[in-house]
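The structure appears right after this line, and notes come after that.
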Amino acid sequence: MERISVNSNAPEPKTSLIERATSVFMRLGIRAVNMADVCSELGISKKTLYKYVSDKRDLILQCMAWHCSQMKQVIQEAKSTSENTIEAELKLIRFIHQIASDMHPSVLFDLNKYHPNAFRMVNERRDEILRGTMEENIRRGQAEGLYRADVNPEVASRFLISLSHEVRAIAEDPTNATPLSQLYLESALYHIRAIATAKGIAFLEEKIKEENLFT
93 MERISVNSNA
103 PEPKTSLIER
113 ATSVFMRLGI
123 RAVNMADVCS
133 ELGISKKTLY
143 KYVSDKRDLI
153 LQCMAWHCSQ
163 MKQVIQEAKS
173 TSENTIEAEL
183 KLIRFIHQIA
193 SDMHPSVLFD
203 LNKYHPNAFR
213 MVNERRDEIL
223 RGTMEENIRR
233 GQAEGLYRAD
243 VNPEVASRFL
253 ISLSHEVRAI
263 AEDPTNATPL
273 SQLYLESALY
283 HIRAIATAKG
293 IAFLEEKIKE
303 ENLFT
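Quick note: the sequence shown uses our numbering, first residue 93, plus one each step.
Written out as structure tokens, the structure reads:
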């Protein structure tokens, strides 16, 4: 599957540090990584790190805020560079699938249990971003003839957000054996198929084959 990159100008030192620290936590987990580990992974001193953050909780909050800003940027770029609304949604799906594939299995559990404020913040921001985006995308898709005219955009977007919450709950279930990335991919495609017209489904299936979404 194609990897997604976010184009941006050269980041400020703090932004670069937060971005790189986010990558460390996503790759290694949250509870298992202390501030000394972050410094070691980033090749910086504790003095440098503490110029920008007060403690680990502050760092986690800033990392999650950065993560949300990246999602918002990807959505904006997808909307402006896509042929239609389904292509835009597929770009977002690839971005989130990439993150979920690279993420350490303990991240969601650690965030929820040990950093509840950050967990709540990222969920609230993510839901806010997705709700507005999905309503707009559904209306665009209806105008393009790709989504059914009888679908209520507000209700359908809320269904998708509820579904995403269930995906995270399944991922945290000890009896679950399906990777988070696959759960997310299946749920996102389920949502599109549920509201698409025959024309929309045909376009979706063509893109799935072209981009090898299930490989």
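Idealized CB from N, CA, C, for every residue including glycine.
Computed from a predicted structure; not experimentally measured.
Exposed or buried, residue i, counting other C-beta atoms within 10 Å across all chains shown (16 or more means buried)?
i: E258; result: exposed
i: D202; result: buried
i: R95; result: With a pLDDT of 42 at R95, under the threshold of 50, the modelled position of this residue cannot be trusted, and the question is left open.
i: I300; result: exposed
i: A269; result: exposed
i: A192; result: buried
i: A102; result: Legend: pLDDT at A102 = 43, less than 50; position of this residue unreliable, value from coordinates given subsequently. Flag for A102 reads exposed.
i: T267; result: exposed
When the Cα atoms are used, what is the spatial distance from residue i to residue j?
i: M226; j: K139; result: 42 Å
i: H189; j: R240; result: 26 Å
i: N229; j: S132; result: 42 Å
i: E216; j: E298; result: 34 Å
i: R231; j: E169; result: 18 Å
i: L134; j: H196; result: 18 Å
i: E66; j: A286; result: Limits of the chain in this structure are 93 at one end and 307 at the other, which puts residue 66 out of reach.
i: A271; j: Q234; result: With the sequence shown as reference, residue 271 is identified as Pro, and Ala is not the correct amino acid for it. Cα to Cα, the separation comes out at about 32 Å.
i: E181; j: R250; result: 16 Å
i: S146; j: N244; result: 45 Å
i: E303; j: L238; result: 19 Å
i: I136; j: K106; result: 12 Å
i: A280; j: E236; result: 20 Å
i: D242; j: N209; result: 38 Å
i: T173; j: R223; result: 20 Å
i: W158; j: L151; result: 10 Å
i: Y142; j: M127; result: 10 Å
i: R112; j: I221; result: 23 Å
i: K171; j: E246; result: 19 Å
i: Y144; j: F187; result: 28 Å
i: T114; j: R123; result: 13 Å
For residue i versus residue j, is the C-beta distance shorter than 8 Å?
i: A288; j: L296; result: yes
i: I110; j: C155; result: yes
i: I178; j: I253; result: no
i: L277; j: I185; result: yes
i: M163; j: R218; result: yes
Could you tell me which residues DSSP pairs with residue i in its beta bridges?
i: A288; result: Y239
For the ligand COA, any of its heavy atoms closer than 7 Å to the Cβ of residue i?
i: Q234; result: Because no ligand of any kind appears in the structure shown, any question about the ligand COA cannot be addressed here.
Short of 8 Å in beta carbon distance, which residues of its chain neighbour residue i, apart from the five on each side in sequence? Order them along the chain.
i: N204; result: F211 and E264
i: V116; result: V125, D129, V130, E133 and L134
i: Y282; result: L255
Output needed for residue i: all residues of its chain with C-beta closer than 7 Å, excluding positions within five of it in sequence on either side, in chain order.
i: R149; result: H207
i: L200; result: R260, A263 and E264
i: I293; result: R285
i: L275; result: V259, I262 and A263
i: G121; result: H196, S198, V199 and D202
Take residue i and list the residues in its own chain whose beta-carbon comes closer than 6 Å to its own, dropping the five residues that flank it on each side.
i: S108; result: none
i: S273; result: H189, A192 and S193
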